[in-house]
Amino acid sequence: MTTFARKRRSRARSGLGPRNVATAVFVAGLAACGVYANLPATDVEVSPVEVASLPAGGFSGRVTRVVDGDTFWISSKDVRIRVWGLDAPERNDGGGPAATAALSRLISGQTLTCRQRDIDRYGRIVGQCFLPDGRDITAVMIESGTAHLETAVRKSAREAA
Numbered sequence: 012m013t014t015f016a017r018k019r020r021s022r023a024r025s026g027l028g029p030r031n032v033a034t035a036v037f038v039a040g041l042a043a044c045g046v047y048a049n050l051p052a053t054d055v056e057v058s059p060v061e062v063a064s065l066p067a068g069g070f071s072g073r074v075t076r077v078v079d080g081d082t083f084w085i086s087s088k089d090v091r092i093r094v095w096g097l098d099a100p101e102r103n104d105g106g107g108p109a110a111t112a113a114l115s116r117l118i119s120g121q122t123l124t125c126r127q128r129d130i131d132r133y134g135r136i137v138g139q140c141f142l143p144d145g146r147d148i149t150a151v152m153i154e155s156g157t158a159h160l161e162t163a164v165r166k167s168a169r170e171a172a
């Protein structure tokens, strides 16, 4: 009778085990939250616009659901609207719940008037939206401190000045 001895394979250990990867992702996330929280306030003003002066392509509807600090659903289009010019942290990121709550308090159940500016890569309408009193949602959210002016908008505003 022959006996077969099992050879034990030696495993080369790389430094990229599951724990190390998870730790690296966690540390990177903390660093990103710290950087986002310490961004300087923008010096670009976003002034309210008369809703009546919106060009063709404008639409209005009641807000049916707030997704996060810069995205919501509107009844007349039954689509998601991404607020133009607004950069809010994601729902599960640092500051995300506060941004979502702030946008929800501001617009839930309100009838907004919006102007479509674009469609993003996720198929959302990117719209500049206004409250019934004419205030721009982007301006109100930035003033509340729960969101920032989107980098591309900030850059184009500085170049125009």
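Residue numbers (my numbering): 12 to 172.
We put the beta carbon where it would ideally sit given N, CA and C, even for glycine.
This structure is a prediction, so every number in the text was calculated from the model and none was measured.
Residue i classed as buried or exposed, judged by whether at least 16 other C-beta atoms fall within 10 angstroms
{"i": "A112", "result": "exposed"}
{"i": "R76", "result": "exposed"}
{"i": "I130", "result": "exposed"}
{"i": "E154", "result": "exposed"}
{"i": "D98", "result": "buried"}
Residue i: first and last residue of the uninterrupted beta strand (DSSP E) it sits in
{"i": "L142", "result": "Careful: L142 lies outside any beta strand (DSSP E) and carries neither H nor E."}
Under the three-state DSSP convention, the category residue i falls into
{"i": "R91", "result": "strand"}
{"i": "L126", "result": "Sequence inspection shows Arg at residue 126; the Leu mentioned does not correspond to that position. Residue state, collapsed to three classes: strand."}
{"i": "G72", "result": "strand"}
Pair within 8 angstroms by beta-carbon distance, residue i and residue j
{"i": "Q121", "j": "P100", "result": "no"}
{"i": "T82", "j": "R73", "result": "no"}
{"i": "L123", "j": "G80", "result": "no"}
{"i": "G96", "j": "T149", "result": "yes"}
{"i": "R146", "j": "V137", "result": "no"}
For residue i: DSSP bridge partner residues
{"i": "I153", "result": "None, per the DSSP bridge assignment."}
Range covered by the alpha helix (DSSP H) that runs through residue i
{"i": "G107", "result": "G107 to I118"}
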